[in-house]
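Residue numbers (the working numbering): 3 to 316. Glycine residues also receive a C-beta, built at the ideal position from the N, C-alpha and C atoms. Note that this is a predicted model, so its numbers are computed, not measured. To start, the structure itself, in structure tokens.
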Amino acid sequence: MLSSGKKRLFSALLHIQKRPCQPSRAMRLVQFQTPHLEEPHLGLESGIGGGVVDLNAFDPTLPKTMLQFLEQGETTLSVARRAVATQLPVLPRSQVTFLAPVTRPDKVVCVGMNYADHCKEQNVRVPKEPIIFSKFSSSIVGPYDEIILPPESEEVDWEVELAVIIGKKGKHIKATDAMAHVAGFTVAHDVSARDWQMRRNGKQWLLGKTFDTFCPLGPALVTRDSITDPHNLKICCRVNGEVVQSSSTNQMVFKTEELIAWVSQFVTLYPGDTILTGTPPGVGVFRKPPVFLKKGDEVQCEIEEIGVIVNKVV
3 MLSSGKKRLF SALLHIQKRP CQPSRAMRLV QFQTPHLEEP HLGLESGIGG GVVDLNAFDP
63 TLPKTMLQFL EQGETTLSVA RRAVATQLPV LPRSQVTFLA PVTRPDKVVC VGMNYADHCK
123 EQNVRVPKEP IIFSKFSSSI VGPYDEIILP PESEEVDWEV ELAVIIGKKG KHIKATDAMA
183 HVAGFTVAHD VSARDWQMRR NGKQWLLGKT FDTFCPLGPA LVTRDSITDP HNLKICCRVN
243 GEVVQSSSTN QMVFKTEELI AWVSQFVTLY PGDTILTGTP PGVGVFRKPP VFLKKGDEVQ
303 CEIEEIGVIV NKVV
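See the structure below:
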């Protein structure tokens with residue numbers, strides 16, 4: 003049984019909801035729970051806003067976590083493809099609790115200043131090399147979970163981002179080979195405590211970016227072959243229904259291939275590793291006067307072809 007708060011969050015999706023009958027041909031992998039399941043399961047979301055097919059019921063030999071699913075590569079993906087092509091029972095969305103599509107990855111890599119229009123907003127030059135920082139994986143929460151305002155910060159801000167999820171291990175990956183290492187894409191919210199990012203802790207970004215609940219992800223891992231063009235998608239953020247960020251991923255300075263090639267020079271990328279690719283303009287800290295999140299706010303982050311995540315601030 004969903005709480006009244008969860009039901010209110012789901013109501014924000016009604017403008018895009020489709021009536022679930024069978025999975026769409028796009029592969030939208032999810033992790034989910036229901037009151038009748040003892041542990042999380044893997045599933046297929048039947049289109050944006052649709053219900054969920056239980057992949058573990060379809061094939062009980064499949065792993066029950068996305069990390070294990072991705073580690074097995076083509077073996078498990080082929081099972082998921084069969085499920086997409088088969089008429090299967092769909093669990094109504096109202097009976098499902100969505101988890102982040104990936105939990106506890108080896109690393110969460112983030113990219114700063116990666117939208118040309120965001121650089122213009124700050125009156126700074128476009129970077130010549132990717133600016134890399136990180137979040138701890140403990141900051142990850144689900145697509146409809148609450149964002150907890152930490153008492154240590156008074157300047158918590160929003161950032162909608164396209165996230166890339168790695169599907170194949172690699173080091174020193176060439177840009178021309180990079181997409182073969184991508185499992186898919188999801189929506190990310192890079193919640194940011196600006197006081198800790200910009201003034202405290204020697205102005206290092208990590209602590210301001212990695213409080214608990216500061217990385218909502220979801221609702222689904224949409225496989226790379228299900229996205230028309232990841233670098234030409236509408237991307238927006240709404241706070242209490244008001245559009246605060248609206249742009250396109252075509253504004254990304256460094257595309258997915260370049261980012262994977264750059265990061266893999268320094269670290270080995272593993273299945274499940276998640277790369278947040280930067281945010282467009284419209285964040286609160288650069289407004290005049292600055293605007294920050296407060297208790298009771300509701301943030302919706304949306305990316306075309308991928309979906310919407312909705313997080314209430316508490």
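If one requires a minimum length of 4 residues, the alpha helix (DSSP H) runs lying completely within the region 44-119 are 57-60, 68-73, 76-86, in chain order. DSSP, read as helix, strand or coil, puts A180 in helix. Residue range 309-314 is occupied by the beta strand (DSSP E) that includes V312, with no alpha helix (DSSP H) assigned at that position.
Less than 8 Å separates the beta-carbon of G274 from that of P107. Remark: C-beta atoms of Q33 and A102 approach each other more closely than 8 Å.
Counting other Cβ atoms within 10 Å of its Cβ, K211 reaches 16 or more and is therefore classed as buried. CA-to-CA, the gap between P62 and R240 works out to about 39 Å. With fewer than 16 other beta carbons inside 10 angstroms of its own, E244 counts as exposed. Boundaries for L271: no beta strand (DSSP E) harbours it, and the DSSP string shows neither H nor E there.
Put simply, the region 92-100 touches the region 53-68. At least three CB pairs are less than 8 Å apart. Take the alpha-carbon of Y117 and the one of H191: they are about 15 Å apart.
Here the region 201-208 does not lie against the region 290-308, with fewer than 3 beta-carbon pairs under 8 Å apart. In this structure the region 30-48 lies against the region 221-241, because at least three pairs of beta carbons, one per stretch, are closer than 8 Å.
A87 counts as exposed, since fewer than 16 other C-beta atoms from the protein chains shown sit within 10 angstroms of its C-beta. G186 and N313 have their C-alpha atoms spaced approximately 22 Å apart. Going by C-alpha positions, Q35 is about 44 Å away from V126. L69 and P291 have their alpha carbons spaced roughly 42 Å apart. Counting C-beta pairs closer than 8 Å gives fewer than three between the region 164-172 and the region 128-145, which falls short of the contact rule.
Looking at the DSSP output, T279 bridges to nothing. Taken through DSSP and simplified to helix, strand or coil, I262 comes out as helix. For Q33, there is no enclosing alpha helix (DSSP H); the enclosing beta strand (DSSP E) covers residues 30-35.
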